[in-house]
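Scroll down for the structure; my scribbles are underneath it.
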Amino acid sequence: MPVNRSVSSSDGFTCRMGCGACCIAISISSPMPGLPQGKPAGVTCIHLTQDYRCKLFGLPERPTVCNNLRPMPEMCGTSREEALAYLADLEEKTK
Ligand code: SF4
Ligand code: SF4
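Going letter by letter, the sequence shown gives residues 1 to 95 in the working numbering.
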């Protein structure tokens with residue numbers, strides 16, 4: 001099963017195995033299986049597996065926002081904790 005995010009097209013930065021921070025921290029407004037209203041920020045997506053992979057990866061039901069989000073050094077940081085903190089801050093600023 002692939003990791004959550006495709007490689008960034010600009011600099012080849014890759015999604016970290018065992019992270020899943022962006023599947024927890026960001027809000028998703030589009031519907032997906034089991035979540036007709038999407039999900040709020042800070043809530044773990046029901047499609048995130050225990051080893052932090054996306055069950056919908058490659059499927060048509062996967063939200064566009066998830067397909068378009070690319071790993072970036074600024075967002076992902078150097079650890080899951082850094083990514084969670086960055087994304088929580090971003091959500092707060094863009095409320
Ligand atoms: S925050 Fe970055 S490294 Fe972590 S799952 Fe998302 S894209 Fe991958
Ligand atoms: S659908 Fe997949 S990529 Fe999107 S938030 Fe849920 S687990 Fe993450």
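Positions of the beta carbon are idealized from the N, C-alpha and C atoms, including for glycine.
What are the partner residues of K39, as DSSP defines its beta bridges? By one-based count along the sequence shown, residue 39 stands at place 39. According to DSSP, which records beta bridges pairwise, K39 is partnered with I28.
How many angstroms separate the CA atom of M75 from the CA atom of G38? Taking the first residue of the sequence shown as 1, we reach residue 75 at position 75. Taking the first residue of the sequence shown as 1, we reach residue 38 at position 38. About 21 Å.
Residues sharing a beta bridge with C54, DSSP: Taking the first residue of the sequence shown as 1, we reach residue 54 at position 54. L48.
Rounded to whole angstroms, what is the Cα-Cα separation between M72 and M17? Residue numbering aside, residue 72 sits at position 72 when the sequence shown is read from its first letter. Residue numbering aside, residue 17 sits at position 17 when the sequence shown is read from its first letter. Going by the C-alpha atoms only, they are around 14 Å apart.
Give a yes or no on whether the minimum CB-CB distance between G58 and chain B is below 8 Å. Any reference to chain B falls outside this structure, which holds one protein chain only.
Can you tell me where the alpha helix (DSSP H) holding K93 begins and where it ends? The residue labelled residue 93 in the question sits at position 93 within the sequence shown. Note, K93: alpha helix (DSSP H), R80 to K93.
Does the distance from the C-beta atom of A41 to that of L84 stay below 8 Å? Taking the first residue of the sequence shown as position 1, residue 41 is located at position 41. Taking the first residue of the sequence shown as position 1, residue 84 is located at position 84. Against a cut-off of 8 Å, the Cβ pair of L84 and A41 comes out as no contact.
From this set, C66, T44, H47 and P60, which residue's C-alpha is nearest R103's C-alpha? Nothing in the structure corresponds to residue 103, since the chain is present only between 1 and 95.
Closer than 7 Å: is that where the CB of C23 sits relative to any heavy atom of ligand 2? In the sequence shown, residue 23 corresponds to position 23, counting from 1. It does: the Cβ of C23 is within 7 Å (strictly closer) of some heavy atom of ligand 2.
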